[in-house]
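Residue numbers (the working numbering), protein chains in the order written: chain A, 1 to 57; chain B, 58 to 440. All C-beta atoms in this analysis are idealised placements derived from N, C-alpha and C, irrespective of residue type, glycine included. Since we're looking at a predicted model, the values are computed, not measured. Presented below is the structure to which this report refers.
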Amino acid sequence: MILLQEVIHQLYFIMAALAALLLLTRLFRRKSRRGLAYDIVYAYAIIPFLLPALHIK
Amino acid sequence: MVRRMALLAAVAVVTVAGTREIRELRTYRETVVVSEALTVQVPLSTYFGGIKGTVMDAPVYVFDSGVPGGSALILAATHPYEPASPVMAYVVMENIAVTKGKVFVIPRASMSASTLGMLGNAYPAFFRVKTPWGEKKYRIGDRETNPLDQWPDPFTFVHYPSRQNLAYQDSRNLNRTFPGRPDGNLTERTAFAITEMIRRERIDLTIDVHEASLGYPVVSTYVCHQRAEDMCAMASMILEAEQRFKMKTEVSPKTLRGLTHREVGDFTESFAVLMETPEPFIDKFVGPMTEDLLLTGRDEFEQTAAERGLLYADYDIKTGASLDYRVARHLAGAAEIIKQMGEFYPEKRMDVSWPTYAEVMQHGIGYFLHDPATADPRRVFRN
């Protein structure tokens, strides 16, 4: 049970990192919806995935 | 490109600035200058490795006289947002003298719960106690384990081993998870570690230190496992006669599961006692939940409730229910129940002392807290 919880915990960090990378890529490289509003949305959406780096998962 | 880089930088600034208070609360450590009676400090994981390396691996302080006698555990901040509890433990740790028996103190039983505030109550993260040498700062905290450390909650929390259904958030409430289980969630494992410690150290008396709202019937009360009922009743009478403050005794209900006064009594040999003081700060109908309210206990809405007979304890806004008063009550309550254990069971007698009710009421708690900057560094610990 404890091992399983730890595995899920680590999976969470991996998934958060992947999501952050995806959003970051989309912020800088995308072919459609290139306006300022979309830039703001992509940048804003990264915030929850930055929190683990501050030890706030 | 420049615009996007600027946006990214702005987001980073907002993230760091917006989480400053959360990070401060999670990383701030309280200092305590322990008395010369300290024998050893060990992590709670000494008794159960399943919490090692987690935020719940709280320090345990042992004050052993070396003279055979009884033993007692002061379990504080099971619910951190009842601040007279950890402050009482700190006053004990800084001033205790033990000449017979052994005292264990866990000043922060739920370390995780002390690292967040209660949703919706909008109270400050810290409070400060004035001392002759300056201020000492403490975390206020919440009632339950931080969701950052234990998440998600179940739809219904099923207590182990009774299988009683409790509210979902009780899966993070340390005082609903006793006796705990080794393969449970973090809160259950912490409860198990404390129960294991009580078993292995053969602790005779467990005193779980709490505070209660005045709108809650179990306020100003000893709640005792049935094996401790007689000593609690005697301690109540003596406190009322000698210290002049009201202290009821209630026997732990057998159907109320997960609490220390029930499960520690059932699953260990220890006498289990829980103490409550009157704490306006945690009442639901008070005005702004400020640091001042926490320290003075003065609130006009509480006074209105008192005048309408809605409270379960005496209340007067002129005197309030100050932190000094509540800590003094706990110090006297713990000292008296330890004394009564020795009266009922002479082989468990202990000789311990710390500031009395009268001394704290006269000088205030700050008088009994020492300056870590000028103390012997070997006696300074951080929690």
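Use the C-beta contact count for residue i: other C-beta atoms within 10 angstroms, 16 or more gives buried, fewer gives exposed.
i: Pro164 (chain B); result: buried
i: Trp411 (chain B); result: buried
i: Tyr382 (chain B); result: buried
i: Glu336 (chain B); result: buried
i: Leu380 (chain B); result: buried
i: Ala386 (chain B); result: The displayed chain sequence assigns Arg, not Ala, to residue 386 (chain B). Arg386 (chain B) comes out buried.
i: Leu351 (chain B); result: buried
i: Lys193 (chain B); result: buried
i: Phe161 (chain B); result: buried
i: Ser270 (chain B); result: buried
Considering residue i, what are the terminal residues of the alpha helix (DSSP H) in which it resides?
i: Leu65 (chain B); result: 59 to 75
i: Val417 (chain B); result: 414 to 420
i: Thr156 (chain B); result: Careful: Thr156 (chain B) lies outside any alpha helix (DSSP H), inside the beta strand (DSSP E) at 154 to 157.
i: Phe13 (chain A); result: 2 to 28
i: Leu353 (chain B); result: Checking the displayed sequence, the identity of residue 353 (chain B) turns out to be Thr instead of Leu. Element bounds for Thr353 (chain B): 348 to 353.
i: Glu286 (chain B); result: 286 to 295
Is the beta carbon of residue i sitting closer than 9 Å to the one on residue j?
i: Phe235 (chain B); j: Ala224 (chain B); result: no
i: Gly127 (chain B); j: Met304 (chain B); result: no
i: Asp206 (chain B); j: Ser169 (chain B); result: yes
i: Phe302 (chain B); j: Tyr372 (chain B); result: no
i: Arg439 (chain B); j: Arg200 (chain B); result: no
i: Gly377 (chain B); j: Lys187 (chain B); result: no
i: Asp356 (chain B); j: Ile374 (chain B); result: yes
i: Val409 (chain B); j: Ala129 (chain B); result: yes
i: Met150 (chain B); j: Ser102 (chain B); result: no
i: Arg259 (chain B); j: Tyr104 (chain B); result: no
i: Arg314 (chain B); j: Gln221 (chain B); result: yes
i: Val119 (chain B); j: Thr96 (chain B); result: yes
i: Glu348 (chain B); j: Pro181 (chain B); result: yes
i: Val276 (chain B); j: Ala370 (chain B); result: yes
i: Met332 (chain B); j: Gly399 (chain B); result: no
i: Asp39 (chain A); j: Arg60 (chain B); result: yes
i: Gly198 (chain B); j: Pro100 (chain B); result: no
i: Met291 (chain B); j: Gln397 (chain B); result: yes
i: Thr334 (chain B); j: Thr306 (chain B); result: no
i: Ser219 (chain B); j: Thr244 (chain B); result: no
Starting from residue i, follow the beta strand (DSSP E) in both directions and report where the run begins and ends.
i: Pro100 (chain B); result: 97 to 100
i: Leu132 (chain B); result: 128 to 133
i: Phe53 (chain B); result: The shown model of chain B, from 58 to 440, leaves out residue 53 (chain B), and the question about it has no answer.
i: Thr278 (chain B); result: 278 to 281
i: Asp433 (chain B); result: Counting along the chain, Asp433 (chain B) falls outside any beta strand (DSSP E), and DSSP gives it neither H nor E.
i: Tyr195 (chain B); result: 191 to 196
i: Phe358 (chain B); result: Counting along the chain, Phe358 (chain B) falls outside any beta strand (DSSP E), though it belongs to the alpha helix (DSSP H) covering 357 to 364.
i: Val384 (chain B); result: Where Val384 (chain B) is concerned, there is no enclosing beta strand (DSSP E), although the alpha helix (DSSP H) it sits in stretches over 380 to 401.
i: Thr111 (chain B); result: No beta strand (DSSP E) holds Thr111 (chain B); DSSP gives it neither H nor E.
i: Val437 (chain B); result: 437 to 439
Mapping DSSP to helix, strand and coil, what is residue i?
i: Val215 (chain B); result: strand
i: Thr263 (chain B); result: strand
i: Pro209 (chain B); result: coil
i: Ser410 (chain B); result: strand
i: Ile163 (chain B); result: strand
i: Pro335 (chain B); result: strand
i: Glu307 (chain B); result: strand
i: Ala18 (chain B); result: One cannot answer for residue 18 (chain B) here, as it falls past the ends of chain B, which runs 58 to 440.
i: Val330 (chain B); result: strand
i: Pro116 (chain B); result: strand
i: Val41 (chain A); result: helix
i: Phe49 (chain A); result: helix
i: Thr317 (chain B); result: helix
i: Phe324 (chain B); result: helix
i: Arg86 (chain B); result: coil
i: Asn242 (chain B); result: coil
i: Val91 (chain B); result: coil
i: Lys31 (chain A); result: coil
i: Glu258 (chain B); result: coil
i: Ala170 (chain B); result: helix
i: Thr202 (chain B); result: coil
i: Ile79 (chain B); result: helix
i: Lys341 (chain B); result: coil
i: Met150 (chain B); result: helix
i: Leu368 (chain B); result: coil
i: Glu404 (chain B); result: helix
Name the DSSP bridge partner or partners of residue i?
i: Leu223 (chain B); result: B:Phe214
i: Asp121 (chain B); result: B:Lys159
i: Val144 (chain B); result: Bridge partners of Val144 (chain B): none, in fact.
i: Lys187 (chain B); result: B:Glu192
i: Ala269 (chain B); result: B:Pro335
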